[in-house]
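In full-length UniProt numbering, the protein residues as written are 1 to 204.
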């Protein structure tokens, strides 16, 4: 004779799971660090609220956030662990250059490069990892590269001028991407593999 049936084993698991969900919901709504900020209750409880707009509605959460700001304040809770800010003054205060703040690790997980300097969340560790690169971003180094930028800007403007009055549409996205890649590669590698002479237009 079986001492325990399948249902006898399953019921405690189901009960435990339900208690866990209820406890998590109560915590996120009333005890979490961000609970004092306004926003949709469902968004505060679970990330599935965000997933619904991004997965099932093809990435519409960005636009949903803009609409929600009309209902809630400029600083709004958009997920259990995230706020969204539409106040430029607060943004500058939060991300001031002289401040000490750790990056939100979840935002950098998509890069799959947790040991790189850009994906390092801890402020002090990021400072140590970035130190060898500081000379490349000094004011003198940047100033010495200005001529590279000016040359590429003039090249881009010349390309754009050629299409004025023609029956071609200019793909500015491609043009600006080529320009940015050209400058970045010329600065870091000494030469550019992305050229501004590539085709950036199509006939009307």
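The beta carbon of each residue, even a glycine, is placed where N, CA and C say it ideally should be.
Asked: Three-state secondary structure assigned by DSSP to residue 86; Found: coil
Asked: Residue 78, buried or exposed, once every other Cβ within 10 Å from all chains shown has been counted against 16; Found: buried
Asked: DSSP bridge partner residues for residue 76 (one or two, in chain order); Found: 84
Asked: Sequence-distant residues of the same chain with beta carbon closer than 8 Å to residue 111, five excluded per side; Found: 118 and 119
Asked: Inter-residue Cα distance where the pair is residue 53 and residue 46; Found: 13 Å
Asked: N-terminal and C-terminal residue of the alpha helix (DSSP H) that residue 110 is part of; Found: Run containing residue 110: none; DSSP gives neither H nor E here.
Asked: Delimiting residues of the beta strand (DSSP E) encompassing residue 168; Found: 168-170
Asked: 8 Å Cβ cutoff met for residue 80 and residue 28; Found: yes
Asked: Cβ contact check for the segment 56-73 and the segment 89-101: 3 or more pairs under 8 Å; Found: no
Asked: Residue 192 beta carbon less than 8 Å from that of residue 182; Found: yes
Asked: C-beta atoms of residue 83 and residue 37 nearer than 8 Å; Found: yes
Asked: Option nearest residue 185 by Cα separation, candidates 62, 170 and 152; Found: 152
Asked: Straight-line gap, residue 173 to residue 21 (C-alpha atoms, nearest Å); Found: 46 Å
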